[in-house]
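Participant: Next up is a structure, given as structure tokens.
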Amino acid sequence: MTGLLGPEEWQAVALSLRVAFWATLLSLPPGIAVAVALARGRFPGRQLLNVLVHLPLVLPPVVTGYLLLLTFGRRGPAGAFLADTFGIVLAFRWTGAALAAAIMGFPLMVRAIRLAVEAVDSRLEEASATLGASPLRVFLTVTLPLILPGVLAGAILSFAKAMGEFGATITFVSNIPGETQTLPSAIYAFLQVPGGESAALRLVLISIAIAMLALVASEYLSRAVARRIGAV
Numbered sequence: 001m002t003g004l005l006g007p008e009e010w011q012a013v014a015l016s017l018r019v020a021f022w023a024t025l026l027s028l029p030p031g032i033a034v035a036v037a038l039a040r041g042r043f044p045g046r047q048l049l050n051v052l053v054h055l056p057l058v059l060p061p062v063v064t065g066y067l068l069l070l071t072f073g074r075r076g077p078a079g080a081f082l083a084d085t086f087g088i089v090l091a092f093r094w095t096g097a098a099l100a101a102a103i104m105g106f107p108l109m110v111r112a113i114r115l116a117v118e119a120v121d122s123r124l125e126e127a128s129a130t131l132g133a134s135p136l137r138v139f140l141t142v143t144l145p146l147i148l149p150g151v152l153a154g155a156i157l158s159f160a161k162a163m164g165e166f167g168a169t170i171t172f173v174s175n176i177p178g179e180t181q182t183l184p185s186a187i188y189a190f191l192q193v194p195g196g197e198s199a200a201l202r203l204v205l206i207s208i209a210i211a212m213l214a215l216v217a218s219e220y221l222s223r224a225v226a227r228r229i230g231a232v
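With UniProt numbering as the guide, the letters of the sequence shown map in order to residues 1 to 232.
Right, here's the structure in full:
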């Protein structure tokens with residue numbers, strides 16, 4: 001790939017992979033927890049939680065990025081606390097890009113996992129519980145193995161969304177080459193300079209390939225969920 005892409009292009013691809021990897025990895029545990037809570041839980045505020053989870057899908061990404069800047073910027077309440085207490089700075093850093101990408105991909109992850117959980121026959125979980133298994137053991141030994149393809153599908157969709165995130169990222173962390181310039185930001189930057197169209201086109205083709213692979217893999221894994229649960 002290094003022979004097909006220039007140094008700046010390769011840098012943008014590598015940074016996007018890094019951002020997407022950490023965004024997906026760190027959002028997976030809360031994604032599973034929220035998906036199970038929405039699928040199985042009956043508690044006050046459940047609908048509010050559902051709305052908050054899916055809000056990034058309907059809000060303009062720039063709005064999400066601006067809210068992140070207000071909250072996690074150096075003068076924001078969470079940002080000031082993290083910087084003063086732990087020395088962690090998110091605004092205008094690649095870590096902030098990972099945070100923005102995780103938030104934008106979180107609804108897709110939760111939805112895929114939630115559909116998988118809802119497809120599991122709750123009587124299987126109840127039967128395991130009657131044998132003395134704790135709720136955590138029921139989840140780890142019964143629910144999780146059945147929904148694993150759905151978890152992977154959600155992770156793949158979240159990863160692809162993180163690779164393509166632009167609006168929230170550029171608003172929160174700007175477009176700094178080598179630090180926050182991900183694939184979409186690099187495409188935008190190349191289109192602003194004369195002669196940058198060819199580099200932008202190469203990155204566009206890479207983005208399309210990643211998106212198509214993610215959709216194909218997600219569809220395959222979704223069908224795997226249906227087959228596995230139907231066979232139980």
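Glycine included, C-beta positions come from ideal geometry on N, C-alpha and C.
Model, not experiment: these values are computed from the prediction.
Tell me which residues share the same chain as residue 96 and place their Cβ nearer than 6 Å to its Cβ, disregarding the 5 neighbours each side in the sequence.
Facilitator: The residues are 90, 172 and 173.
Participant: Give a yes or no on whether the C-beta atoms belonging to residue 19 and residue 98 are separated by under 7 Å.
Facilitator: Yes. Within cutoff.
Participant: Going straight from the alpha carbon of residue 191 to that of residue 224, what length do you get?
Facilitator: Looking at the two C-alpha atoms, the distance is approximately 41 Å.
Participant: Specify the secondary structure class of residue 80 as computed by DSSP and reduced to three states.
Facilitator: Three-state result, residue 80: helix.
Participant: Which residue wins for smallest C-alpha separation from residue 86, given the options 94, 92 and 74?
Facilitator: It is 74.
Participant: If distances are taken between C-alpha atoms only, which option among 219, 26 and 80 comes closest to residue 115?
Facilitator: Measuring from the Cα of residue 115, the nearest candidate turns out to be 219.
Participant: Could you give the residue range of the alpha helix (DSSP H) that holds residue 181?
Facilitator: Counting along the chain, residue 181 falls outside any alpha helix (DSSP H), and DSSP gives it neither H nor E.
Participant: Which of helix, strand or coil does DSSP assign to residue 203?
Facilitator: Residue state, collapsed to three classes: helix.
Participant: Should residue 125 go down as buried or exposed, given a rule of 16 or more other Cβ atoms within 10 Å for buried?
Facilitator: Buried is the call here.
Participant: Closer than 7 Å, CB to CB, is residue 112 near chain D or not?
Facilitator: The structure shown contains no chain D, having only a single protein chain.
Participant: Please state the DSSP three-state secondary structure of residue 149.
Facilitator: The answer is helix: DSSP assigns residue 149 an H, G or I state.
Participant: Drop a sphere of 10 angstroms on the beta-carbon of residue 32, count the other beta-carbons inside from all chains shown, and report buried for 16 or more, exposed for fewer.
Facilitator: Buried, by the Cβ-count rule.
Participant: Compare the beta carbon distance of residue 185 and residue 24 with 7 Å and say whether it is the shorter of the two.
Facilitator: No, the pair does not count as a contact, with Cβ atoms beyond the cut-off.
Participant: Going by alpha carbons, who is nearest to residue 118 out of 13, 94, 81 and 151?
Facilitator: Ranking the options by Cα distance to residue 118, first place goes to 151.
Participant: Measuring alpha carbon to alpha carbon, tell me which residue in 217, 189 and 141 is nearest residue 204.
Facilitator: It is 189.
Participant: Determine the DSSP secondary structure at residue 133, reduced to helix, strand or coil.
Facilitator: Residue 133 falls in the coil class under three-state DSSP.
Participant: Use the C-beta contact count for residue 227: other C-beta atoms within 10 angstroms, 16 or more gives buried, fewer gives exposed.
Facilitator: Residue 227 comes out exposed.
Participant: Taking the C-alpha atoms as reference points, what is the distance between residue 102 and residue 181?
Facilitator: Going by the C-alpha atoms only, they are around 16 Å apart.
Participant: Give me the Cα-Cα distance between residue 195 and residue 79, rounded to the nearest whole angstrom.
Facilitator: When rounded, the distance between both Cα atoms is 39 Å.
Participant: By the DSSP assignment, the alpha helix (DSSP H) with residue 58 in it spans what residues?
Facilitator: 46–58 is the extent of the alpha helix (DSSP H) around residue 58.
Participant: If you compare alpha carbons, which of 12, 44, 201 and 38 is closest to residue 112?
Facilitator: The option with the nearest alpha carbon to residue 112 is 38.
Participant: Since residue 115 is in the alpha helix (DSSP H), which residue starts that stretch and which ends it?
Facilitator: Run containing residue 115: 94–119, per the alpha helix (DSSP H) assignment.
Participant: In whole angstroms, give me the CA-to-CA distance for residue 136 and residue 129.
Facilitator: So the two alpha carbons sit approximately 10 Å from each other.
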